[in-house]
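Heads up: take any position in the sequence shown, counting from 1, add 446, and you land on the numbering used here.
Below: the structure, in structure tokens.
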Amino acid sequence: MKQYELIQRIKFSQPRMSKGQRLIANYIINHYEKVVYLTAAKLGQIVGVSESTVVRFATELGYDGYPKFQAALVELVKSKLTAIQRIEVTRNRIDRNHVLKSVLQIDEEKIKNTCANIDEESFNLSIETILAAKTIYILGVRSCAGIAAFLYFYLNIMFENVKLINTNSISEIFETIHRINKDDVIIGISFPRYSKRVYKSLEFAKLNNAKIIGITDSKRAPISELANYCLVAKSEMVSFVDSLVAPLSIINAIIVALSLQIEDSLEKSLESLEKVWIEYEVYDDTRDFFRENYDNTIF
């Protein structure tokens with residue numbers, strides 16, 4: 447749904463609504479950023495109608511209950527919500543007695559949604575673009591810095607020409623990308639609350655004719671208008687943090703797809719690295735531990 451299309455639908459439906467539903471509609475139109483963290487009962491109390499009237503209002507707009515309607519409102523305003531408002535949004539969506547199960551179910555739902563709606567052609571063209579690039583830039587700041595670093599860790603093993611940008615300093619970002627050009631690609635990762643630094647950096651890259659791959663939560667997200675290829679991975683507000691499980695799955699897929707395209711060179715790189723890892727004891731070799739301690743043990 448395009449931005450504010452939901453509000454327009456409410457306005458369009460107002461003439462055929464009951465008196466109570468019109469009260470709800472007027473309140474939502476004027477205070478939709480507050481409604482995202484109101485229960486049906488609380489909204490009804492504020493406008494002076496019953497909880498059942500609020501539920502019927504949502505179903506008559508085409509939603510399968512008030513929670514689905516509220517989720518659509520969240521999509522509308524989530525990039526504008528403060529951290530405190532985010533907590534309010536999720537307070538009634540998480541079962542306090544089963545937090546782990548609730549969060550896992552949310553993550554599962556987002557992965558299924560992402561899988562059902564991913565643009566495979568854009569994904570495949572993104573892989574081709576990365577393979578053809580002279581320099582690969584990876585940009586992710588704030589909450590997205592972690593998954594940007596994860597992508598960089600593996601791409602840096604696979605390619606010689608990878609640069610990670612995860613600083614919050616706008617001057618450092620531009621110092622890193624100031625030579626970006628038409629032969630390069632930049633992978634921009636941006637999820638609510640969207641970073642202006644990421645948008646401005648991708649805008650600069652576009653002006654310099656670099657290819658842009660956007661990983662974000664919606665085709666309506668700010669960076670999508672700049673991206674040559676936009677990979678949409680659904681995220682979810684869980685308290686004041688965002689669930690980035692689905693975006694990480696997209697990044698896993700990028701790594702796997704690239705590795706399949708460069709199998710021979712990757713194998714040589716890994717063989718070389720493995721010798722370094724062993725020589726300098728980078729990893730704890732648990733095989734040696736078990737061999738030393740359990741060779742003479744009968745199980």
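Even glycine gets a Cβ: it sits at the ideal position worked out from N, Cα and C.
Asked                                                                                           : Found
Y509 - DSSP class collapsed to helix/strand/coil                                                : coil
Pick from V501, V549, A562 and E479 that is closest to A486, judged by C-alpha positions        : V501
Candidates S689, A703, I603 and I632: closest to W723 by CA position                            : I603
Pick from F620, Y598 and T581 that is closest to A752, judged by C-alpha positions              : Summary: the structure shown does not reach residue 752, with the chain confined to residues 447 through 745, and so no result is reported for it.
CB contact flag (S641, C590, <9 Å)                                                              : yes
Beta-carbon spacing of Q516, V482 below 9 Å                                                     : yes
Cross-strand partners of Y583 (DSSP beta bridge)                                                : K609 and I632
Exposure label - V608; buried when at least 16 CB within 10 Å                                   : buried
A594 vs N612 beta-carbon contact at 9 Å                                                         : yes
Exposed unless 16 or more other CB atoms sit within 10 angstroms - verdict on V678              : buried
Contacting residues, own chain, Cβ-Cβ under 8 Å from V691 (five flanking each side not counted) : D553, K556 and I557
Backbone CA spacing between I619 and L716 [nearest angstrom]                                    : 30 Å
Nearest candidate by alpha-carbon position, reference R588, set I626, R639, H544 and S498       : R639
Coarse secondary structure for Y645, derived from DSSP in three states                          : helix
Per-residue burial, P693 [other beta carbons within 10 Å of its own, 16 or more giving buried]  : buried
Proximity test, N476 beta-carbon vs the ligand MN heavy atom, cut-off 8 Å                       : Absent from the structure shown: the ligand MN. Ligands present: none.
For Y675, the first and last residue of its enclosing beta strand (DSSP E)                      : Y675 to V678
In DSSP terms, what S681 is bridged to                                                          : According to DSSP, S681 bridges with nothing at all.
Contact under 9 Å by Cβ, I696 with I632                                                         : no
Within 9 Å, strictly: CB atoms of V495 and I456                                                 : no
Three-state secondary structure assigned by DSSP to G660                                        : strand
As assigned by DSSP and simplified to three states, the class of S615                           : coil
Which of helix, strand or coil DSSP assigns to S689                                             : strand
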